[in-house]
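Each residue of the sequence shown is one higher than the one before, starting from 1 at the first, in the UniProt record's numbering. Don't be surprised by glycine CBs; every beta carbon is placed ideally from N, CA and C.
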Amino acid sequence: MTSNDRPEKAASKTEATETEARGIMREGETLKEAFIRKKEEYFRDLERASTVTEEATKLDQGEQMKQLLPCPSPSHVPLCDDEGVWMQIKREGVGEKAEKGKKATIHYTARIADSGREIENSRAGGEGPTEFEVGDSPLVRKGVHLIVERMSEGEKASAIVHYSYAYGKEGQFSFPMVPQRATIEYDIELVSVDPYIPEPPIFEMSTSMMIASAIREKELGNIAFRSGLVEKAQVKYQKALSYVQFKADEQKQEYNNVKVSVLANLTMVLIKLEDFGQACAMATLVEASFLFCPSFLTFP
């Protein structure tokens with residue numbers, strides 16, 4: 001090969017390489033465009049599928065609601081679009097409406113619809129009516145809020161409530177015991193309607209307020225205990241104890257007397273429930289008049 005042939009061969013090789021590179025780049029651009037199209041198609045399909053699934057789910061839920069909660073009688077009216085709550089007025093009210101944000105005082109009973117088993121009764125054991133802020137309070141279930149919002153003072157009503165407005169799919173394993181997906185029947189009397197004045201946080205209470213609140217909850221616990229409602233008594237005593245868990249700045253003797261009294265009552269409840277480990281811990285606190293230690297309690 002002559003020296004003149006070498007540059008021509010090198011130039012030819014370079015040209016071939018450039019041509020190959022341009023071909024690869026064109027192929028890459030084609031693949032890129034195809035990928036972008038596929039990606040756009042994928043997200044369009046995903047959006048359509050999501051819309052279809054959502055609509056189907058809503059339809060299924062609506063159908064399930066209507067199958068589970070048909071209209072119980074011509075005098076019942078639905079309180080929501082999905083017909084998850086049906087209400088029947090038993091006695092017309094003549095007083096103030098229970099609007100959102102007001103304090104409602106009610107007596108009520110709750111039963112499992114399938115079995116008729118009573119799970120809550122505000123009159124059982126003389127506990128007294130339930131007070132709560134309408135539309136917001138976690139003290140009562142969503143369905144109860146919807147019912148009470150339609151009532152006036154003095155009114156009595158019954159209702160049937162789907163589990164999604166009551167205790168949910170999972171039910172409840174602590175007091176009260178409620179099975180999964182349980183439809184609930186309620187009888188409710190709206191005793192009174194008042195402006196809502198929330199109880200201040202414990203750390204903002206005076207010693208006298210904490211003592212009064214603890215005594216109130218302890219007495220409710222005593223009523224429940226005497227009525228055989230041991231689990232409910234435990235809840236009330238634990239609530240009472242929460243008001244006297246710190247050192248008192250004043251009225252120390254009365255404060256500590258209430259604390260020891262509640263600890264003693266809680267000890268009896270734990271013995272009844274055969275929770276002997278915690279009962280011994282409570283008894284030790286009573287005996288030593290020791291300061292309340294929350295680690296000894298298991299709050300529900």
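Judged by DSSP secondary structure, His107 falls within the beta strand (DSSP E) whose first and last residues are Lys102 to Ile112. Taking a contact to require three or more Cβ pairs closer than 8 Å, the region 214-226 and the region 190-203 do not qualify as touching. Within the same chain, and ignoring the five residues on either side of Lys97 in sequence, the residues whose Cβ sits closer than 6 Å to its Cβ are Ser152.
Counting the other CB atoms within 10 Å of its CB gives Arg123 a total below 16, which places it among the exposed residues. In the structure shown, Met210 falls within a helical segment according to DSSP collapsed to helix, strand and coil. Distance from the CA atom of Gly128 to the CA atom of His107, rounded to whole angstroms, is 8 Å.
Per DSSP, the unbroken alpha helix (DSSP H) holding Leu266 starts and ends at Lys252 to Lys272. Apart from the 5 residues on each side of it in sequence, Leu270 sits with its Cβ closer than 7 Å to the Cβ of Gln278, Ala279 and Met282 in its chain, given in chain order. Per DSSP, Ile160 is one residue of the beta strand (DSSP E) stretching across Lys156 to Val161.
With contacts defined by Cβ atoms closer than 8 Å, Val260 and Val235 do not form a contacting pair.
Nearest neighbour of Ile119 by Cα position, chosen from Val85, Tyr167, Glu92 and Gly135, turns out to be Tyr167. For Leu79, the secondary structure class from DSSP, reduced to helix, strand or coil, is coil.
Lys232 is the residue among Asp187, Thr130, Lys232 and Arg91 whose C-alpha sits nearest the C-alpha of Met177. Classified as exposed, Gly116 has fewer than 16 neighbouring CB atoms from the shown chains inside 10 Å of its CB.
Residue range Ile184 to Pro195 is occupied by the beta strand (DSSP E) that includes Ser192. With contacts defined as CB atoms closer than 8 Å, Val258 and Tyr237 fail to qualify as a contacting pair. Judged by DSSP in its simplified three-state form, Val85 adopts strand. Ile202 and Glu149 have their alpha carbons spaced roughly 29 Å apart. Taking each of Ala159, Glu133, Tyr163 and Gln251 in turn and checking the Cα distance to Ala212, the smallest one comes out for Gln251.
DSSP, reduced to helix, strand and coil, places Val134 outside both helices and strands of the structure shown, so it counts as coil. Membership of Ile119 in the beta strand (DSSP E) is indicated by the continuous run Glu118 to Asn121. The three-state secondary structure of Arg150, taken from DSSP, is coil. Distance from the CA of Glu29 to the CA of Tyr163, rounded to the nearest whole angstrom, comes to 57 Å.
In the three-state reduction of the DSSP assignment, Lys169 falls in the coil class. Lys97 is bridged by DSSP to Ser152.
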